[in-house]
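I have placed the structure first, in the form of structure tokens, so that the comments after it can refer back to it.
Okay, here's the thing in structure tokens:
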């Protein structure tokens, strides 16, 4: 497989949706954060780190200080991220073994992780690693990340082929219980609180009713809901 | 002391049918590719393989799946291998999926003589079913046991004939932990050097953990996902 970010944006019709999601996720980053980005959509958040902000990316296969994709002549088979993509080093990066990498994860040293989801429910339970009888990819590091990272953001499209992904109760096998802090989609920013899912923002091009219809769980609205582009 | 074996063939001849083997690497990065090839050529069968992934269909451990030399896989993520998914869903291959942090810590525990540990990972999930749980400091934990094996196959960048190893970049991954966790660890290295040529401050795997070492004959180092930006 060979991709470039430019080529991907030219052929993927969902790119606007995906770009909107990752741009909004990037606004949750804080200077100095150690961040682990999941495979796929979450990886793209790295392209939108605000200028002047220092974020250190953790790759669970054993690296801190992940740099951008290499130029063709920089490709090194010994240097990949957790999505198995070729990457580069930033000055001050560090390598370590997998057990130490997950000591960082479980030990509460990772400030933020961003993951995709198959389902998220009202209690902040997450399902993202298997569909019984159909799809088995494995959980990789996701169960450890949601158990140990200080903040867990789910970044995903709001629905899949019209079906709800934000639900009252997950029907698919759990990745973790009560672990999600925030859900960011192309339609909404939702915070998971002890009282339930609180709608914080909706996209500028949608409506409150449309967001509610696309959500299979109750949304709590406190006063004025913000918007994002 | 000389731990050097003449070839990958000579090294895998030590591994009997039915053995449980730890295999280092993450995806195709840092895998002991010469030892895997030699295992395929020797036809060693009925293996239980403990490795983060299962390679791809035609490289790495995927080759041993194709030839049906693997009876059981213990892994964390297998999304890159269609043949794996097919054999698993059809029930031909026994599979145990473990969270990656639990996987690496269970291997570490095996190498460090630890009888198990409590982890918050996977509490309330399928992975925790049937396992002892305990609330520690207000947080529920799951008890996990060490993950032992008969052999460990790892890849280093440089190694000396005493078995001291250093790694290169993210090819390190599971290799140092796995090297500790079996009674017989076989290391293949890209550069086999004399004692003293590796700075002792830089040694990652001390030779005590390594039983045999070979110089890898040939490295393809296949790239799984070549992602690049414009020059």
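Protein chains in written order, with the working numbering: chain A, 328 to 556; chain B, 2 to 232.
We put the CB at the ideal spot given by N, CA and C, even for glycine.
DSSP places residue 170 (chain B) in the helix class (H, G or I) of the three-state scheme.
For residue 398 (chain A), the nearest beta carbon of chain B is closer than 8 Å to its own beta carbon. Secondary structure note for residue 33 (chain B): it is in no beta strand (DSSP E), with a DSSP letter that is neither H nor E. Against residue 479 (chain A), chain B offers no close residue; the least beta-carbon distance is about 13 Å (beta-carbon pairs closer than 7 Å).
Taking a cut-off of 8 Å for Cβ pairs, the stretch 177 to 197 of chain B and the stretch 131 to 145 of chain B do not touch, as fewer than three such pairs fall below it. With contacts defined as CB atoms closer than 8 Å, residue 554 (chain A) and residue 530 (chain A) qualify as a contacting pair. Proximity of chain B to residue 407 (chain A) at the Cβ level (cut-off 7 Å) is accounted for by 28, 30, 171, in chain order. Here residue 356 (chain A) is not near residue 349 (chain A), since their CB atoms are 8 Å or more apart. The beta carbon of residue 506 (chain A) is closer than 8 Å to those of 451, 452, 453, 473, 474, 479 in its chain, skipping five residues each way along the sequence. Annotation for residue 196 (chain B): 161, 162, 163, 165 place their beta carbon closer than 8 Å to its own, counting only its chain and skipping 5 residues before and after.
The straight-line gap separating the alpha-carbon atoms of residue 371 (chain A) and residue 394 (chain A) is approximately 13 Å. Counting other Cβ atoms within 10 Å of its Cβ, residue 359 (chain A) stays below 16 and is therefore classed as exposed.
When secondary structure is reduced to three states using DSSP, residue 409 (chain A) falls in the coil class, being assigned neither helix nor strand.
The three-state secondary structure of residue 423 (chain A), taken from DSSP, is coil. With a threshold of 16 other beta carbon atoms within 10 Å, residue 139 (chain B) falls short and is exposed. Within the stretch 436 to 468 of chain A, the residues whose Cβ lies closer than 9 Å to any Cβ of chain B are, in chain order, 452, 456, 457, 460, 461, 462, 463, 464, 465, 466, 467, 468.
Using a C-beta cut-off of 8 Å, the stretch 25 to 32 of chain B makes contact with the stretch 395 to 415 of chain A, since at least three inter-stretch Cβ pairs fall below that distance. For the C-beta of residue 387 (chain A), the chain B residues within less than 7 Å are, from N- to C-terminus, 101.
In the DSSP assignment, the residues bridged to residue 457 (chain A) are A:463. For residue 504 (chain A), the residues of chain B that pass the 9 Å Cβ criterion are 124, 125, 126, 141, in the order they occur in the chain.
A Cβ-Cβ separation of about 6 Å places residue 471 (chain A) in contact with residue 101 (chain B) under the 8 Å criterion. Contact fails between the stretch 204 to 216 of chain B and the stretch 431 to 443 of chain A, because fewer than three Cβ pairs, one in each stretch, are under 8 Å apart. Rounded to the nearest whole angstrom, the CA to CA distance from residue 118 (chain B) to residue 22 (chain B) is 22 Å.
Residue 28 (chain B) carries a coil assignment under DSSP once its states are collapsed to helix, strand and coil. In the three-state reduction of the DSSP assignment, residue 374 (chain A) falls in the helix class, which pools H, G and I. Assignment of residue 141 (chain B) by DSSP, reduced to helix, strand and coil, places it in the strand class. Residues of the stretch 55 to 77 of chain B whose Cβ lies closer than 8 Å to any Cβ of chain A, in chain order: 76, 77. Contact between residue 368 (chain A) and residue 482 (chain A) holds: CB atoms are separated by about 6 Å, below the 8 Å threshold. Counting along the chain, the unbroken beta strand (DSSP E) around residue 216 (chain B) starts and ends at 213 to 216. Within 7 Å of the CB of residue 105 (chain B), the CB atoms of chain A belong to 425, 426, 429, in sequence order along the chain. Taking 8 Å as the cut-off, the Cβ atoms of residue 495 (chain A) and residue 543 (chain A) count as close.
Less than 8 Å separates the beta-carbon of residue 352 (chain A) from that of residue 511 (chain A). Interface annotation, residue 117 (chain B): not in contact with chain A, CB-CB separation never under 8 Å. Residue 408 (chain A) and residue 96 (chain B) have their alpha carbons spaced roughly 25 Å apart. Closer than 8 Å to the CB of residue 410 (chain A) there is at least one CB belonging to chain B. Look at residue 3 (chain B): its C-beta is not under 8 Å from any C-beta on chain A.
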